[in-house]
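Below you'll find the structure, written out as structure tokens, and then a few comments.
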Amino acid sequence: MKKFVLIAALSLLGSAFASSVNVPVEATVSNICVFGNGDEVNANNSTAAQVSFGYDAVNGGGSNGNTAYTVQCTNGATFNTDSNEGATINLSDGFETLSATVDETFTPSIGGGTGGGDSYLMTVDVSAAAGQWSVNEGTYTGTITYTVSYN
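The sequence shown lines up with residues -18 to -1, 1 to 133 when you count with mature numbering (1 follows the signal peptide of the UniProt record, and there is no 0).
See below:
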């Protein structure tokens, strides 16, 4: 009988200290859009691959280069980018200027991005028209800046 009372007391003692609690959890997802270069998409990447092309004053119209980068957004985020479509940029060697034209194309992949988010492939083409005889031989550089705003 003493063993029965001891076992009953121990079993009550164990259950007397058991308890549970429900902890509510809430996550708030913010929309975000980031640039990426190919499959490399992260919030710190702000440089696309360089566009390079050859140029000569006779056949300049056929000389162009392009690059592509990804704009990755959370699912359903809407974004706008400032367009440089048809813009003329001036490439410089420090002394002379070569004029070039920018063309861009967006290809959406809704829900097809990393982790199921929305992604947009942007292709940037740059070309220089023939007939720019006043430029010296050399390497000419410039920068095109794109800014994405989203909600």
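Virtual Cβ for every residue (Gly too), placed ideally from N, Cα, C.
*In three-state terms, what does DSSP make of residue 143?*
As shown, the chain starts at -18 and ends at 133. That puts residue 143 outside it, with no answer to give.
*asked:* Measuring only the C-alpha atoms, how far is Ala31 from Val84?
replied: As a first step, residue 31 is located in the sequence shown; it is residue number 49 there, counting from the start. As a first step, residue 84 is located in the sequence shown; it is residue number 102 there, counting from the start. Their backbone Cα atoms lie some 15 Å apart in a straight line.
*Report the residue from Thr89, Asp75, Gly113 and Tyr128 whose alpha carbon sits nearest the alpha carbon of Gly120.*
The count along the sequence shown starts at 1 and reaches residue 120 at position 138. Taking only the C-alpha atoms, the option nearest Gly120 is Asp75.
*Thinking C-beta only, is Leu103 closer than 7 Å to Thr52?*
Counting from 1 along the sequence shown, the entry for residue 52 is found at position 70. Counting from 1 along the sequence shown, the entry for residue 103 is found at position 121. Yes, they are a contact pair.
_Gly68 versus Asn4 - alpha carbon distance_ = As a position in the sequence shown, residue 68 is number 86, starting the count at 1. As a position in the sequence shown, residue 4 is number 22, starting the count at 1. Near 59 Å, if we compare the C-alpha coordinates of Asn4 and Gly68.
*Closer than 6 Å by C-beta to Trp115: which residues in its own chain qualify, once you throw out the five before and the five after it? Chain order, please.*
Sequence index remark: in the sequence shown, residue 115 carries index 133 (1-based). Hits under 6 Å: Ala39.
_Distance between Val108 and Tyr128 (C-alpha atoms, nearest Å)_ = Numbered from its first residue, the sequence shown carries residue 128 at position 146. Numbered from its first residue, the sequence shown carries residue 108 at position 126. Their Cα atoms are separated by approximately 14 Å.
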